[in-house]
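Novice: Quick note on my numbering: the sequence shown kicks off at 35 and runs consecutively. Here it is: the structure, laid out below.
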Amino acid sequence: MSSFKDRQSTRKSQADHRPHKHKAIDALKAQGFSDVAYRLRDCGPRNYCGSQYCSDCRKRLVACQTQKVFGVYRDLYGHDEAKGRKNVYFVTILNELCELEPEQVKAALSRGKRSLSALRRSFDGLLTYGRFELEAVDTHVIFGDRPCPKKAVVLRQLNGDSEQTPARVMGLFHLHGLLFLNDHDAKLVRRKLSTMHPGKHRVELRQLYTDTPVDESLRKIVSYFLKSRVQFNYVMKTDGYQNGRLIDNDSLSRLVRFGLTDGIDVGSFNVYSKR
35 MSSFKDRQST RKSQADHRPH KHKAIDALKA QGFSDVAYRL RDCGPRNYCG
85 SQYCSDCRKR LVACQTQKVF GVYRDLYGHD EAKGRKNVYF VTILNELCEL
135 EPEQVKAALS RGKRSLSALR RSFDGLLTYG RFELEAVDTH VIFGDRPCPK
185 KAVVLRQLNG DSEQTPARVM GLFHLHGLLF LNDHDAKLVR RKLSTMHPGK
235 HRVELRQLYT DTPVDESLRK IVSYFLKSRV QFNYVMKTDG YQNGRLIDND
285 SLSRLVRFGL TDGIDVGSFN VYSKR
């Protein structure tokens, strides 16, 4: 019987290296959503599709969000890089595990935004900017083969301490964002987040890298907000998807449609603080 590592090596050697847009179109067609598939296929200046699975539209989205974040940063700190570095933190919050169904995703979005509102109320002047993301996770592999015990622990926590899920492929609903602390103590903010989202490995809060210019750091982080994946990630590392098999057509088509149809537009996942 082949090992998990052997199976992953075979899958990697058979990887589909076409652009994500083409894989998304194929998945949509396979599931009977040709209208959405043609929207991606026919994307152009006269009628942009708006999907982050389309490289051109993703570049436009990243550029737009980057300018918004730059604007906030400059309004708050101007050219005072030392103050900016002291106050700007990158945050990841693993919110919950949900089915890839429109109503469940809408409910997760509502809960996620309420939790950020509660955080802002606890720290006057703190600002949150970022984006919620759905990562398709194959629970049979995570809980069965257990390629990453750490990820299995996290998903079990989010699933009510159970490894039984209503669907094989679930959505790991989470946030990648920037916190502008307004001189609040980062340790207190981290403690509050950990209280709001209890459990191991659910909250990561860290400063910008000191060896990278602030503008470049912000640009890279915003680009990371808007990444798209067509492969499963069986581990906690960001680049773990490179060893994962392709997401099945049903799950991938759902991920693509959540940003375009089902009453959830691409902007629904964005997080902006009112100032």
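Note that CB positions come from ideal geometry on N, CA and C, so glycine has one too. All values reported here derive from a predicted model rather than from experimental measurement.
Determine the DSSP secondary structure at V125, reduced to helix, strand or coil.
Specialist: Strand, per DSSP.
Novice: Would you grab the beta carbon distance between E167 and F303 for me? Rounded to a whole angstrom, and I think it's under 8 Å.
Specialist: 7 Å
Novice: Does E135 come out as helix, strand or coil in the three-state DSSP assignment?
Specialist: Reduced to three states, the DSSP call for E135 is coil.
Novice: Which residue or residues does DSSP assign as beta-bridge partners of E167?
Specialist: H208
Novice: What's the C-alpha gap between E137 and S68?
Specialist: Computed Cα separation, rounded: 22 Å.
Novice: Applying the criterion that 16 or more other CB atoms from any shown protein chain within 10 Å of the CB defines a buried residue, is G194 buried or exposed?
Specialist: exposed
Novice: For N277, does the three-state DSSP call read helix, strand or coil?
Specialist: helix
Novice: Entirely within the segment 88-114 and at least 4 residues each: give me those alpha helix (DSSP H) ranges in chain order.
Specialist: Entirely contained in the segment 88-114, the alpha helix (DSSP H) runs reaching 4 residues are, in chain order, 89-111.
Novice: Buried or exposed: G211, going by 16 or more other Cβ atoms within 10 Å of its Cβ?
Specialist: buried
Novice: What distance in whole Å lies between the Cβ atoms of L213 and L260, which are believed to be in contact at a cut-off of 8 Å?
Specialist: No, L260 and L213 are not in contact; Cβ-Cβ is about 18 Å, not under 8 Å.
Novice: Compare the C-alpha of E197 against each of R288, K63, V187 and name the closest.
Specialist: V187
Novice: Taking the C-alpha atoms as reference points, what is the distance between K117 and C98?
Specialist: Rounded to whole angstroms, K117 to C98 spans 25 Å at the Cα level.
Novice: Rounding to the nearest angstrom, what Cα-Cα distance links S251 and K63 in this structure?
Specialist: 37 Å
Novice: With C-beta atoms as the reference, is L189 less than 8 Å away from L143?
Specialist: no
Novice: Identify the residues that DSSP records as bridge partners of G78: which are they?
Specialist: N81
Novice: Pop quiz: Y87 and L74 are said to be a contact at Cβ under 8 Å. What is the actual Cβ separation, rounded to whole angstroms?
Specialist: 7 Å
Novice: Which of the three DSSP states, helix, strand or coil, is assigned to Q191?
Specialist: Helix, per DSSP.
Novice: Using 8 Å as the threshold, is the C-beta distance between R291 and Y275 below it?
Specialist: no
Novice: What residue from Q101, P79, K102 has the CA that sits closest to C91's CA?
Specialist: P79
Novice: Under the three-state reduction of DSSP, which class applies to K46: helix, strand or coil?
Specialist: Because K46 sits at a pLDDT of 47, beneath the cut-off of 50, its placement in the model cannot be relied upon, and the following sentence gives the value as read from the coordinates. DSSP places K46 in helix when its eight states are reduced to three.
Novice: Please return the same chain residues whose Cβ sits closer than 7 Å to the Cβ of T44, not counting the five positions on each side in sequence.
Specialist: Residue confidence for T44 is low, a pLDDT of 43 falling below 50, so the modelled location carries little weight and cannot support an answer.
Novice: Taking the continuous alpha helix (DSSP H) assigned at R180, which residues delimit it?
Specialist: Here R180 belongs to no alpha helix (DSSP H), and DSSP marks it neither H nor E.
Novice: Tell me which same chain residues have a C-beta within less than 7 Å of the C-beta of S225, skipping the five on either side of it?
Specialist: Before going on, a small fix: residue 225 reads as Arg here, not Ser. The answer is none, since no qualifying residue turns up.
Novice: Measure from the alpha carbon of R240 to the alpha carbon of each residue in F177, R52, F124, then state which is nearest.
Specialist: F124
Novice: With distances taken between CB atoms, is the gap from Q65 to D284 smaller than 8 Å?
Specialist: Yes, the pair counts as a contact, with Cβ atoms nearer than the cut-off.
Novice: What residue from T199, N267, Y306, A71 has the CA that sits closest to E133's CA?
Specialist: T199
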